[in-house]
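2 protein chains.
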Amino acid sequence: MATRKTNPDFLNGVPELVLLELLSRRPMYGYELVQAIKDESSGALEFGEGCIYPLLHKLEERGDLSSRRLDVGGRSRVVYRVTSKGTKQRAASMAQWSTIAESVGRILQGGKYEQARST
Amino acid sequence: MATRKTNPDFLNGVPELVLLELLSRRPMYGYELVQAIKDESSGALEFGEGCIYPLLHKLEERGDLSSRRLDVGGRSRVVYRVTSKGTKQRAASMAQWSTIAESVGRILQGGKYEQARST
DNA sequence: TGTCATACCTCAAACTCATAGGTATCCTCC
DNA sequence: GGAGGATACCTATGAGTTTGAGGTATGACA
């Protein structure tokens, strides 16, 4: 009952994938990421701070991210960047997402053809 | 803290979508669905019985599915079909999946361009 | 002074899904 | 005739993720 084996996380691990992807472009801090995800998806994806901060901590603990505290105009920001371990993880995650998204897409498309044929 | 509002279920509601889709093509029973999902996705998607059966019950309770018990060769099967309510739900779910899958895809693609430009 | 945006954080509860169990019938092979 | 596997249903525990709501503190603006 310990480790998950099947459907490795993609039917609810999108936040992690998105974080690794965005951070692989440039280092960012938590609050910025929350806004960026919302912006880049035109509002379709909206992960709250309660989702992002714990996830950042988890990824750092796991070694996929490293952080550095910055003071900007009296405010303190924690800026994260992807480690080399995280880069590998990102590639693996992207591959898994692709496989799953294609599979789901194919099933939904299959429905189209079915309907077209039977109509 | 009661009802979920954001990210309406698609970062972990794929099993539900797939069930509604497959059942909208033809009525099927639980055990058959478990195999069908595995087959149609070439093994990429694998939802166990412990996922499918409770979900079928939930969808029926909610009014998206109706069931009928069949006896076939001494074995008892519970065959499910999509109700008109379920058909609407399926359309809504498909639309949501599309939006989210496209958003995630766009973010991942964005990464490609970024890299191409900066390299 | 109050309020809003920025910026960090944590916790409780809700939810889903995986794993592992349980029952019972049928078929095949030995 | 018995063992084992496939078929077919089911539930329960628990791991893991995400939501929603809260809390702290600074800076900007009116």
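Residue numbers (the working numbering), protein chains in the order written: chain A, 50 to 168; chain B, 50 to 168.
We treat Cβ as the ideally placed atom computed from N, Cα and C, and that holds for glycine.
Secondary structure at Arg74(B), three-state DSSP: helix, strand or coil?
-> If you number the second sequence from 1, residue 74(B) lands on position 25. Arg74(B): helix per DSSP, three-state reduction.
Gln84(A): buried (16+ other C-beta within 10 angstroms of its C-beta) or exposed?
-> In the first sequence, the residue the question calls residue 84(A) occupies position 35. Classification of Gln84(A): exposed, given that the 10 Å Cβ count is below 16.
Sequence-distant residues of its chain with Cβ nearer than 8 Å to Val128(B) (five each side left out) = For this step, residue 128(B) is matched to residue 79 along the second sequence. These residues qualify, in order along the chain: Pro76, Met77, Tyr78, Ser116, Arg117, Arg118 and Leu119.
At which residue ranges does the stretch 97-134 of chain B contain complete beta strand (DSSP E) runs of 3 or more residues, listed in the order of the chain?
-> 114-121 and 124-131
Where the alpha helix (DSSP H) through Leu82(A) begins and ends = Here the question's residue 82(A) lines up with position 33 in the first sequence. Residues Gly79 to Glu89.
Through-space distance from Leu68(A) to Leu157(B), alpha-carbon basis = Here residue 157(B) is taken as the residue at index 108 of the second sequence, counted from 1. Here residue 68(A) is taken as the residue at index 19 of the first sequence, counted from 1. Distance between the alpha carbons of Leu157(B) and Leu68(A) is about 11 Å.
Can the beta-carbon of Ala140(A) be found less than 9 Å from the beta-carbon of Ala150(B)?
-> Sequence index remark: in the first sequence, residue 140(A) carries index 91 (1-based). Sequence index remark: in the second sequence, residue 150(B) carries index 101 (1-based). Not a contact, by the Cβ cut-off of 9 Å.
Would you report the Cα separation of Leu82(B) and Gly154(B), rounded to the nearest angstrom?
-> Position 33 of the second sequence, counting from 1, holds the residue named residue 82(B). Position 105 of the second sequence, counting from 1, holds the residue named residue 154(B). Near 28 Å, if we compare the C-alpha coordinates of Gly154(B) and Leu82(B).
When Ser125(B), Gly135(B) and Arg126(B) are compared against Arg111(B), the one with the closest alpha-carbon | Position 62 of the second sequence, counted from the first residue, corresponds to residue 111(B). Comparing Cα positions, the closest option is Gly135(B).
Hey, out of Val63(A), Arg74(A), Gly62(A) and Pro64(A), whose CA is closest to Thr132(A)'s CA?
-> One-based indexing of the first sequence puts residue 132(A) at position 83. Per the Cα distances, Arg74(A).
Glu65(A) - DSSP class collapsed to helix/strand/coil = Numbered from its first residue, the first sequence carries residue 65(A) at position 16. Helix, per DSSP.
Euclidean distance between Cα positions of Pro64(B) and Ser152(A) | The count along the second sequence starts at 1 and reaches residue 64(B) at position 15. The count along the first sequence starts at 1 and reaches residue 152(A) at position 103. Distance between the alpha carbons of Pro64(B) and Ser152(A) is about 12 Å.
Is the CB-CB distance between Arg130(B) and Leu71(B) below 9 Å?
-> Taking the first residue of the second sequence as 1, we reach residue 130(B) at position 81. Taking the first residue of the second sequence as 1, we reach residue 71(B) at position 22. Their beta carbons are not under 9 Å apart, which means Arg130(B) does not touch Leu71(B) by this criterion.
Give the interface partners of Glu89(A) over in chain B, defined as CB-CB distance under 9 Å, in chain order.
-> The residue labelled residue 89(A) in the question sits at position 40 within the first sequence. Residues of chain B passing the Cβ test: Ser152, Arg155, Ile156 and Gly159.
Starting from Ala93(B), find everything on chain A with Cβ-Cβ shorter than 7 Å and list it in chain order.
-> Reading the second sequence from its first residue, position 44 is the one you call residue 93(B). Under the 7 Å cutoff, chain A gives Thr148, Ile149 and Ser152.
Any idea if Asp113(B) is buried or exposed, counting beta-carbon neighbours within 10 angstroms, 16 or more meaning buried?
-> Along the second sequence, read from residue 1 onward, the residue named residue 113(B) stands at position 64. By the 10 Å Cβ count, Asp113(B) comes out buried.
Where Ser142(A) falls, given that 16 or more other Cβ within 10 Å makes a residue buried = Looking up residue 142(A) in the first sequence gives position 93. Under this definition Ser142(A) is a buried residue.
Applying a beta-carbon distance threshold of less than 8 Å, which residues of chain A neighbour Val67(B)?
-> Within the second sequence, the letter at position 18 stands for residue 67(B). Neighbours of Val67(B) on chain A, chain order: Val153 and Ile156.
Cα-Cα separation between Ser91(B) and Arg126(A), rounded to whole angstroms = As a position in the second sequence, residue 91(B) is number 42, starting the count at 1. As a position in the first sequence, residue 126(A) is number 77, starting the count at 1. Whole-angstrom Cα-Cα distance: 45 Å.
Rounded C-alpha distance that separates Ser147(B) from Gly122(B) = The residue you call residue 147(B) lines up with position 98 of the second sequence. The residue you call residue 122(B) lines up with position 73 of the second sequence. Each residue's alpha carbon lies about 41 Å from the other.
Candidates Ala93(B), Gly62(B) and Gln138(B), of which the one nearest Ile101(B) by Cα = Within the second sequence, numbered from 1, the residue matching residue 101(B) stands at position 52. For Ile101(B), the nearest C-alpha among the options comes from Gly62(B).
Just checking my contact of Lys87(B) with Glu95(B) at CB under 8 Å: how many whole Å lie between their CB atoms?
-> Counting from one through the second sequence, the residue named residue 87(B) turns up at place 38. Counting from one through the second sequence, the residue named residue 95(B) turns up at place 46. Contact holds; Cβ gap of about 5 Å.
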